[in-house]
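Here's the structure we're looking at; comments come further down.
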Amino acid sequence: MAFTDTQQVSPFDIPGQLLAGPGADWRWNNLGYWPGASCYASACQQLALLHADVLSLQSQQRLLELACGYGAGLELWQRAFGITDYHALELRQQCVDHLVNRQGVPAARVSQRSFALCKGTPPWQGWFDAVICVDAAYHAPSVADFADTLTQALAPGGAAAFSTLLKAHSAEPFWHQQLRRMAGIPDASLVTEADLRQTLAARGLEVMSVQYLEHAVFKGFSDWVSQRHDMLDWRQRTSLSWLKVLATARWCRYLSQRPLLRYGLVHAVRVEA
Ligand SMILES: C[S@@+](CC[C@H](N)C(=O)[O-])C[C@H]1O[C@@H](n2cnc3c(N)ncnc32)[C@H](O)[C@@H]1O
1 MAFTDTQQVS PFDIPGQLLA GPGADWRWNN LGYWPGASCY ASACQQLALL
51 HADVLSLQSQ QRLLELACGY GAGLELWQRA FGITDYHALE LRQQCVDHLV
101 NRQGVPAARV SQRSFALCKG TPPWQGWFDA VICVDAAYHA PSVADFADTL
151 TQALAPGGAA AFSTLLKAHS AEPFWHQQLR RMAGIPDASL VTEADLRQTL
201 AARGLEVMSV QYLEHAVFKG FSDWVSQRHD MLDWRQRTSL SWLKVLATAR
251 WCRYLSQRPL LRYGLVHAVR VEA
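All residue numbers for the sequence shown refer to this note's numbering, where the first residue is 1 and numbers rise by one.
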């Protein structure tokens, strides 16, 4: 087991095994796409697969996965789509260590790095046909940083699929801003669809579609966490990492009832130079 539940919880650590349940793939860590899903791991996989679907992912494509976590997605792209030429990027060192030491991913294929690639010149500049980022783009310092990363990584004509939170038109209450910031979602990464399109377009990326998935995401995650909560013992229920999951689930429940934020799956293409 790679995840150790301690009282030192980084903003992005979640208790994968408690969330997924016994015997399930604990490496997934997203909000999931719930219609038809029987458990957390399958909901997470469904959400990931939607990204591959919008890209029509093909075995010969060169793929970059941003914020790959513990690598359940990376394994999926290889197994289900025959991807062999890939690179992954993840902020948390323990995920990178797991990928290299436990999952056998060649060290050269995974980088411990933040989204903000544009701050340095990556060796893979303009190399990738496809970029996938599942449930993490909203952690970028800003939408502009995230867009720069996509433009830098993609070859002309290449495409990206990413899921992110988008602002609904209503104003955001102050308490909600505080909660969101605590969840590692900076102000500058949360924009409306119109602003997202504009920011991407300014960097040579055309948004082909935005699918809104909030009805299939927020409530399902919240229901799953309630179900798991009832199955845990008191020590697990009161661990800091589980309390964080609970807080996220309550927030998702709130969002499922009041449309403050939307959950968008974005397909964008780098226009030919
Ligand atoms: C909700 S998890 C999604 C993980 C994975 N994509 C999945 O579907 O299981 C968000 C991920 O974003 C990563 N992350 C957060 N901030 C980041 C940053 N600035 N650069 C790169 N990755 C980041 C976290 O470490 C975490 O693995």
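A virtual CB, placed ideally from N, CA and C, is assigned to each residue, including glycine.
Everything numeric in this text was worked out from a predicted model, so none of it was measured.
Any heavy atom of ligand 1 closer than 7 Å to the CB of residue i?
i, result
"C252", "no"
"A136", "yes"
"N101", "no"
"A20", "no"
"S42", "no"
"S114", "yes"
"R228", "no"
"A140", "yes"
"G82", "no"
"L89", "yes"
"C68", "yes"
"C39", "no"
"R92", "yes"
"F12", "yes"
"A249", "no"
"G73", "yes"
"W124", "no"
"W242", "no"
"A48", "yes"
"W28", "yes"
I'd like to know whether the C-beta atoms of residue i and residue j end up nearer to each other than 8 Å.
i, j, result
"A155", "L57", "no"
"W124", "A168", "no"
"N200", "A147", "Residue identity differs from the one stated: residue 200 is Leu in this sequence, not Asn. Yes, they are a contact pair."
"A52", "F81", "yes"
"Y70", "H98", "yes"
"D145", "A116", "yes"
"A48", "V110", "no"
"E214", "Y254", "no"
"G16", "R27", "yes"
"L55", "F221", "no"
"L166", "L261", "yes"
"L63", "I132", "yes"
"A67", "D25", "no"
"V143", "V207", "no"
"R228", "L19", "yes"
"L205", "L150", "yes"
"K219", "S256", "yes"
"V225", "A249", "yes"
Between residue i and residue j, how many whole angstroms is the CB-CB distance? I'm expecting something under 8 Å.
i, j, result
"C44", "G21", "Not confirmed; about 12 Å, so no contact."
"F217", "I14", "It is worth fixing the name first, because residue 217 is Val in this sequence and not Phe. The Cβ separation is near 16 Å, so there is no contact."
"Y138", "I185", "5 Å"
Are the stretch 153-160 and the stretch 248-268 in contact at 8 Å, needing three or more beta carbon pairs? yes
Determine, using beta-carbon pairs with one atom in the stretch 182-201 and one in the stretch 91-99, whether at least three such pairs fall under 8 Å. no
Which complete beta strand (DSSP E) runs does the stretch 189-251 hold, if anything under 3 residues is left out? 205-212
Going residue by residue through the stretch 94-129, where are the continuous beta strand (DSSP E) segments of at least 3 residues, counting only ones entirely within it? 110-112
Please give the ranges of any alpha helix (DSSP H) in the stretch 139-184, keeping only runs that are unbroken, at least 4 residues long and fully inside the region. 143-153 and 174-182
What are the complete beta strand (DSSP E) segments, minimum 3 residues, inside the stretch 28-72? 63-66
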